[in-house]
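Novice: Residue numbers (the numbering used here): 461 to 679.
Backbone N, C-alpha and C define an ideal beta-carbon position, used for all residues, glycine too.
Note that the structure is predicted; figures quoted are calculated from it, not measured.
So that we are looking at the same thing, I have put the structure below in structure tokens.
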Ligand SMILES: *Cc1c(COP(=O)(O)O)cnc(C)c1O
């Protein structure tokens, strides 16, 4: 059995029920995705539109593709025809472009709003207040379902800091979910290779794991 298969099986066995696993395959060759697929994985995450489109053409039809990276508005139309979830909506402009392309294709698209909780300035996303204001402004959209939130904690060994950030995200998620009883708002995507265990303890419903499954990326 290959390393990827072993890693996936061990990881899955350790996950509580109700936590979905996105295998983050960015920068890995399609052979790596094929091994994960053979081991039963159907949910994959990619961070570049072009790479996603290419790999989609090389993988079986029943893979569900999540987009998790920074997305330029002019790339939206390349992924909207097939993407299962866009996790990284970090501006109103991007959200409205997704709605426009989804309307054009008459295809419903699910998205998550990315929330900035980390200390690093370089990370993307709305502050909690910006997120509340956005949802007040747009309410619900005809073709784009805002299905929850995504966030990344600070890259640090300080477990208390990571936990605090995940807790902030979970509290915002619970608050917004309470305000939106009419629409399914049930995905809280938080946790990566180095912090997914903390994320799960703090109420994550979806983890995005790359390195821990596929090994180090070669950029
Ligand atoms: C790359 C990436 C991941 C996976 O990171 P690992 O540390 O390899 O598990 C998760 N989420 C996002 C948004 C990413 O860009």
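1) Can you grab the Cα-Cα spacing for the pair residue 491 / residue 476, in whole Å?
2) I'd like to know whether the C-beta atoms of residue 733 and residue 528 end up nearer to each other than 8 Å.
3) Return the CA-CA distance between residue 531 and residue 509, expressed in angstroms with no decimal places.
4) Tell me the rounded alpha-carbon separation between residue 526 and residue 504.
5) Name, in chain order, the residues that DSSP records as bridge partners for residue 505.
6) How big is the Cα-Cα spacing for residue 675 and residue 495?
7) Name the DSSP bridge partner or partners of residue 576?
8) Using DSSP bridges, identify the partner residues of residue 667.
9) Residues in its own chain within less than 8 Å of residue 667 by CB, not counting five upstream and five downstream?
10) Does at least one heavy atom of ligand 1 sit under 7 Å from the Cβ of residue 670?
11) Can you round the beta-carbon distance between residue 630 and residue 670 to whole angstroms, since I take them to be within the 8 Å contact cut?
Specialist: Reading it off the structure:
1) 28 Å
2) Since the first and last residues shown for the chain are 461 and 679, residue 733 lies out of range.
3) 8 Å
4) 6 Å
5) 484 and 526
6) 13 Å
7) 612
8) 481
9) 475, 479, 480, 481, 482, 649, 650, 651, 652, 656, 659 and 660
10) yes
11) No, residue 630 and residue 670 are not in contact; Cβ-Cβ is about 22 Å, not under 8 Å.
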